Every structure is written in structure tokens, then in C-alpha cells.
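Undergrad: Taking our numbering, I'd label the letters of the sequence shown as residues 3 to 71. All residues carry an ideal CB built from backbone N, CA and C; glycine is no exception. None of these values were measured; they are calculated from a predicted model.
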Amino acid sequence: MNPESLPSPCINVCKMDAAGRFCLGCARRIDEIAGWGQASEARKREIWQQLPARRAALGLKPVALPEGL
């Protein structure tokens, strides 16, 4: 992995919320999960920056953001 590449937010708890909108593990949408490997670093950064608010809205525990975000 490129040292500058942002890691996936996946925490191996792959279950969608009742509405089918967000993963209850990583708080990403299904399109974000499916497209992660092809996403630009800028897009990955955008997704990571949205996760704290999503996790809070879903009642999930906060997770540490990668260094530099």
C-alpha cells in the first residue's frame, strides 16, 4: 500500500442499518464501500471527513481518523 494512501474505514462489521443506507460498522453508504478501491485520494478524504457526523447520527462509537485528517 502506498504510504500516502488512506486506509479503508472498514472495521469488519458489515451490516446495513434498517433503512439500508449506511453500514453499521464503518458508516459508509454501499456505493462508497463498493467504490473505495477506485476512489481518488481526495474522494477517500471526503468520505473519511463525513464519518464522524454519520457515526454520531447512527449512535455508533467514534473512531480515530487517519493521521492528517
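1) Locate the alpha helix (DSSP H) running through Glu69, then write down its first and last residues.
2) Per the contact definition of three or more C-beta pairs closer than 8 angstroms, is the segment 39-48 in contact with the segment 14-26?
3) Compare the beta carbon distance of Ala29 and Leu62 with 8 angstroms and say whether it is the shorter of the two.
4) Which residue wins for smallest C-alpha separation from Gly27, given the options Leu60, Glu69, Gly70?
5) Given that a residue counts as buried once 16 or more other Cβ atoms are within 10 Å of its Cβ, and exposed if not, what is Ile32?
TA: This is what the structure holds:
1) On the sequence shown, position 67 is the one that residue 69 refers to. Glu69 -> no alpha helix (DSSP H), and no H or E assigned at all.
2) no
3) Mapped onto the sequence shown, residue 29 falls at position 27. Mapped onto the sequence shown, residue 62 falls at position 60. Yes, they are a contact pair.
4) Taking the sequence shown and counting its residues from 1, one reaches residue 27 at position 25. Looking at the Cα atoms, Leu60 is the closest of the given residues.
5) For the purposes of this step, residue 32 is identified with residue 30 of the sequence shown, where counting begins at 1. Exposed.
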